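Chains as they are written, first to last, in this note's numbering: chain B, 62 to 174; chain C, 554 to 801.
Ideal Cβ positions, reconstructed from N, Cα and C, are used throughout, including at glycine.
Keep in mind the model is a prediction, meaning the values are calculated, not measured.
Here's the structure, in structure tokens; my notes come after.
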Amino acid sequence: MAHHTENDFHQTGEIPKPQTKAIWKTFGILVALTALEFLIAFTMDAGTARNAIFIILTLFKAFYIVAEFMHLKHETKSLIWSIIIPLALVVWLMVALLAEGSYYYESITNYFK
Amino acid sequence: MSTSTTLEAPNSGTWDGGNEPMKASYGKLMMWFFLLSDAFTFGAFLIVYGLARHAHMPYTGEPEAFTFSTEWWPIPEKVFNAFPGFHGVDLPLAFVALMTMILILSSVTMVLAVEAGHRMDKNDVQKWLLWTILFGATFLGCQAWEWAHFITGTDEGMLLADGTRVFGANLTVNQYGPPLFADLFFFITGFHGTHVFTGWILLLIAFISTVNGVYQKRGHYEMVEKIGLYWHFVDLVWVFVFTFFYLI
Numbered sequence: 062m063a064h065h066t067e068n069d070f071h072q073t074g075e076i077p078k079p080q081t082k083a084i085w086k087t088f089g090i091l092v093a094l095t096a097l098e099f100l101i102a103f104t105m106d107a108g109t110a111r112n113a114i115f116i117i118l119t120l121f122k123a124f125y126i127v128a129e130f131m132h133l134k135h136e137t138k139s140l141i142w143s144i145i146i147p148l149a150l151v152v153w154l155m156v157a158l159l160a161e162g163s164y165y166y167e168s169i170t171n172y173f174k
Numbered sequence: 554m555s556t557s558t559t560l561e562a563p564n565s566g567t568w569d570g571g572n573e574p575m576k577a578s579y580g581k582l583m584m585w586f587f588l589l590s591d592a593f594t595f596g597a598f599l600i601v602y603g604l605a606r607h608a609h610m611p612y613t614g615e616p617e618a619f620t621f622s623t624e625w626w627p628i629p630e631k632v633f634n635a636f637p638g639f640h641g642v643d644l645p646l647a648f649v650a651l652m653t654m655i656l657i658l659s660s661v662t663m664v665l666a667v668e669a670g671h672r673m674d675k676n677d678v679q680k681w682l683l684w685t686i687l688f689g690a691t692f693l694g695c696q697a698w699e700w701a702h703f704i705t706g707t708d709e710g711m712l713l714a715d716g717t718r719v720f721g722a723n724l725t726v727n728q729y730g731p732p733l734f735a736d737l738f739f740f741i742t743g744f745h746g747t748h749v750f751t752g753w754i755l756l757l758i759a760f761i762s763t764v765n766g767v768y769q770k771r772g773h774y775e776m777v778e779k780i781g782l783y784w785h786f787v788d789l790v791w792v793f794v795f796t797f798f799y800l801i
């Protein structure tokens, strides 16, 4: 049998069968999480608890998209961390500015009272 | 020589580009860091959204009695409740649910195209790229409708203190609530839509190249993989936009 290197430009022989089980499983999870979000949107009253559930479900969805679809889970550790650490800092900024927004709201409403 | 230049093996020496840090090719690595910087941009938009929303009065009354007012931030379910072909029917979030499903589906067909590329299966890559292009175009069409509806407004509009009514939305005034609400809708979904459109163009180019056998000749489908990374990122952003703009 002829030896094929990685740079063998001419496809020879059979094309392997598709391995799509994991892809469809991830799709199922994403659809289920989205459906759950809609269910909660119409059955639960708006409030901090509902928002917390939405954000947690969103983070789960983000994990599956990035880890499986974007294949980050299967990259080297250094690549994974160099993406996650800067993103974590942005999330921190987001939380900090949300708190700041409520403070700003509190101050102006109390000021004009 | 002239025919073989594009087919030559890549340089293999450490200082000739043969060394791949983090075991990812240059193109893939740069795509990752571009996406990271893009995530900062979208993060900034969502931060501004959160700040603006918290700086406005929330609606405190019964959800059933909700009316549009510049006094408070609107409830998303009451704003986004229209569906093409069902004029005047209250279908909260139904259309955005459809859009979300279309984008998730397009992400799946994209990852299937990447998988087919790993197997050097040209026909499968073509098939799945074509599905992705189709779903991408459908999503863009849906967003165009959503924008058109948002700009035109509802039949009732919003009653102002002087008795006049405001219909639809623009950057300075809108019938749904504070001006910032419409501004942020246009900026966030518009910026996302621009990304989808860019990705869609890239997909078209990849599809034409695949049909012409460019990647088959090159020996790998890494270009499809890189465009796939971008496309999944666009889907990821939508997941966040969907949660923060439409659900919360």
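Assigned exposure category for residue i - 16 Cβ within 10 Å defines buried
i	result
Y172 (chain B)	exposed
A669 (chain C)	buried
F786 (chain C)	buried
S660 (chain C)	buried
Y125 (chain B)	buried
T95 (chain B)	buried
A63 (chain B)	Note on A63 (chain B): pLDDT 46, under 50, position unreliable in the model; the coordinate value appears next. Counting Cβ neighbours within 10 Å, A63 (chain B) comes out exposed, since fewer than 16 surround it.
Q80 (chain B)	exposed
W142 (chain B)	exposed
N676 (chain C)	exposed
Partners in chain B for residue i, counting only beta-carbon separations shorter than 8 Å
i	result
D788 (chain C)	I126, F130
Proximity test, Cβ basis, 7 Å: residue i and chain C
i	result
S168 (chain B)	no
M155 (chain B)	yes
I141 (chain B)	no
L158 (chain B)	yes
I145 (chain B)	no
Cutoff 7 Å: residue i Cβ touching any chain B Cβ
i	result
V632 (chain C)	no
V642 (chain C)	no
D569 (chain C)	no
S762 (chain C)	no
I758 (chain C)	no
V664 (chain C)	yes
V777 (chain C)	no
L782 (chain C)	yes
Beta-carbon neighbours of residue i, restricted to chain C and to distances below 8 Å
i	result
G162 (chain B)	G603, L604, A605, R606, H607, A608
7 Å Cβ cut-off: residues of chain C touching residue i
i	result
L100 (chain B)	Simply none; closest approach about 11 Å.
Y172 (chain B)	Within 7 Å Cβ-Cβ: nothing; Y172 (chain B) doesn't reach chain C, min ~13 Å.
L91 (chain B)	I657
Contacts that residue i makes with chain C (C-beta to C-beta distance below 9 Å)
i	result
A123 (chain B)	L789, V792, F793
T95 (chain B)	A650, T653, M654, I657, V792, F795
Under 9 Å from the C-beta of residue i: neighbouring residues of chain B
i	result
G596 (chain C)	L148, V151, V152, L154, M155
Nearest-angstrom beta carbon gap, residue j and residue i [assumed within contact, 8 Å]
i	j	result
Y783 (chain C)	V777 (chain C)	Actually they do not touch by this definition, with Cβ atoms about 11 Å apart.
A102 (chain B)	L646 (chain C)	7 Å
L140 (chain B)	A577 (chain C)	6 Å
Cβ-heavy atom distance, residue i to the ligand MG, below 6 Å
i	result
F124 (chain B)	Questions concerning the ligand MG fall outside what the structure shown contains, since it holds no ligand whatsoever.
* Count the CB pairs spanning the region 679 to 688 of chain C and the region 706 to 720 of chain C that are closer than 8 Å, and state whether there are at least three. => Verdict: no, contact absent.
* Asked: Is the region 778 to 798 of chain C touching the region 702 to 709 of chain C, taking contact as three or more C-beta pairs under 8 Å?
  -> Note that the region 778 to 798 of chain C does not touch the region 702 to 709 of chain C; fewer than 3 beta-carbon pairs, one per stretch, sit closer than 8 Å.
* Asked: Does the region 614 to 630 of chain C come close enough to the region 726 to 736 of chain C that 3 or more CB-CB pairs lie under 8 Å?
  -> With three or more CB-CB distances shorter than 8 Å, the region 726 to 736 of chain C counts as touching the region 614 to 630 of chain C.
* Is it true that the region 580 to 600 of chain C meets the region 147 to 166 of chain B, where meeting means three or more beta-carbon pairs spaced less than 8 Å apart? -> The region 580 to 600 of chain C, when compared against the region 147 to 166 of chain B, does touch it at the 8 Å Cβ threshold.
* Are the region 756 to 764 of chain C and the region 85 to 94 of chain B touching by the rule of at least three beta carbon pairs closer than 8 Å? -> Contact fails: fewer than three Cβ-Cβ distances are below 8 Å.
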